[in-house]
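Just so you know, the sequence shown maps onto residues 168 to 555 in the numbering used here.
These notes concern the structure reproduced below.
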Amino acid sequence: MTHKAVFLDRDDTLISDPGYISDPAQVKLLPHVGQSLSMLKKMGYLLVVVTNQSGIARGIVTEQRLEQIHHHLKKLLADEGVYLDAIYYCPYHPDGTVEQYTLESDLRKPQPGMLLKAAEELEIDLSQSWMIGDSYRDVAAGTRAGCRTILLDTPGKPQVREPDDPEPDKRAVNLREAVNILRMFEFQQKAQAARSMRQQAEAQTTEPEKPEPETPTPQPPSEPKATPTDSTEQSVSPTADEQSETPRPQPMPAETPTTEDKPRTFTQPPETQPGPLPQRPTPDTTQDVKSIHEPKPEIPSSDKTHQLLEEILHRVKIKHRYDQYSEFSVFMLLAWLVQVLAVFSLVVSIWFGLDADRGVDSVQTMIGYAVALQLLVIALLLMHDKSR
Ligand SMILES: [Mg+2]
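In structure tokens form, the structure reads like this:
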């Protein structure tokens, strides 16, 4: 029995990346990670972290230290009720300083070595699995392994894409949106399967009617006698046959690409990556990507402003999605409520100031309330930022 899995990059996907993490105390989970991984577990996915750790080859961190860092990561996740199935790391880098680890390795992303190794050891069906990461190296590794891929395109961190990098199947602003994409994908898959089953059932109920007209047709033996004699009838009968037969072959090429595209995207080797990825979900995303990454050859100088505006628009959209998926905070809610009270106090103080019957003391009191409430708003916003 094989399992489906979600392969996860570590830095800037699960935890924040301050550079080379060399101390367990530096491990900070990103927002929504525990909740998102928990949802993936409920969906039946194995959770496998695959991470390049060139810091070992560079002498910044030892394997023993890395074990401690990953132990702390597991503990943080366990505190949120989530357990990883495995963590694979690649300690190698060709430009390392530690001789033992200074080499090229198929384990190092964008090569798919870690995913393939995990698939073998954990009995993972790669065609049913996903790779989620924040760089095109993750996308390339996932695609080469035969997985579907999601690129985390976070606002303020444009992705550097090399010409050979494959397109991701999907894009998300954070892990939470990525999980939503997976849920939607599975829902669509189930709906499509149910639809095809219904169509098959309908076809089976209509098929019994077809044999009836076919049974009376054993008469054709008389027709063959005519076909050899008349050359004109030969030309007619083939076209009649073609009319009855061609409708079958014609839909096949139109249908088979759509049904077979999905398996192909899983199994195609990296050389054929450009084929599958644009076929399915990317009509919209590829346009976005091209507008960001591939317009260089097309740009006349006068279009640079237009390109810049398009990129700004794209980033604004990503930011909007990021805010949409940002975690709800009680501090933020309280800040909004207190802000309303602060404005109300200010308005009342102005009203008191305009009213001749009110004394100066009452005006000053209301202004004092407004200032105090505004300070409270600032404090709540700071607490909100700190809790993220
Ligand atoms: Mg990363």
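For glycine and all other residues, C-beta sits at the position ideal for the given N, C-alpha and C.
Small disclaimer: the values here were computed from a predicted structure and weren't measured.
Burial check for Ala539: the Cβ neighbour count within 10 Å stays below 16, so the residue is exposed.
Proximity annotation: ligand 1 has residues Asp176, Arg177, Asp178, Asp179, Thr180, Asp184, Gly300, Asp301, Ser302, Asp305 in chain order, each selected because its CB is closer than 7 angstroms to a heavy atom of the ligand. Taking Ile236 as reference, the option from Glu478, Ser496, Arg177 with the minimal CA-CA separation is Arg177.
The beta carbon of Ala285 lies closer than 8 angstroms to those of Ala172, Phe174, Val215, Val217, Ala253, Tyr255, Ile291 in the same chain, with the five residues before and after it left out.
Within the segment 486–547, the runs of alpha helix (DSSP H) that reach at least 4 residues and sit entirely inside it are, in chain order, 497–521.
Residues of the same chain with a CB within less than 6 angstroms of the CB of Gly309, apart from the 5 flanking positions on each side, are Met298, Thr316 in chain order. In the three-state scheme derived from DSSP, where H, G and I count as helix and E and B as strand, Met281 is classed as helix.
Secondary structure at Asn219: strand, using DSSP grouped into helix, strand and coil. Residues Phe519 of the same chain have their beta carbon placed closer than 8 angstroms to that of Arg525, with the five preceding and five following residues left out of the count. By the CB criterion at 9 angstroms, Gly263 and Ser302 fall outside the cutoff. Going by beta carbons, Tyr268 and Pro279 fall outside the 9 angstroms limit.
Thr169 and Met210 have their C-alpha atoms roughly 15 angstroms apart. DSSP places Leu318 in the strand class (E or B) of the three-state scheme. A straight-line Cα-Cα distance of about 20 angstroms links His260 and Asp331. DSSP lists Leu214, Trp297 as the bridge partner or partners of Val173. Under the criterion of beta carbons closer than 8 angstroms, Leu244 and Leu233 do not qualify as touching, at roughly 16 angstroms. Taking all protein chains in view, the Cβ of Glu334 is crowded by 16 or more other Cβ atoms within 10 Å, so the residue is classified as buried. Assigned with DSSP and collapsed to three states, Asp305 falls in helix.
Taken through DSSP and simplified to helix, strand or coil, Tyr256 comes out as strand. Counting other Cβ atoms within 10 Å of its Cβ, Val228 reaches 16 or more and is therefore classed as buried.
Under the three-state reduction of DSSP, Ile291 is assigned to strand. Val483 is classed as exposed because its beta carbon has fewer than 16 other beta carbons within 10 Å across all chains shown.
The straight-line gap separating the alpha-carbon atoms of Thr321 and Ala339 is approximately 8 angstroms. In this structure, the straight-line span from the alpha carbon of Ser203 to that of Lys337 is close to 17 angstroms. Your pair Val306 and Leu240 does not check out as a contact, with CB atoms roughly 23 angstroms apart and the cut at 8 angstroms. Listed as beta-bridge partners of Ile182 by DSSP are Asp178, Leu196.
Residues His170, Ala172, Leu213, Val215, Asp252, Ala253 of the same chain have their beta carbon placed closer than 8 angstroms to that of Leu289, with the five preceding and five following residues left out of the count. Under DSSP, Arg338 forms a beta bridge with Leu318. Thr472 sits in a helix when the DSSP states are folded into three classes.
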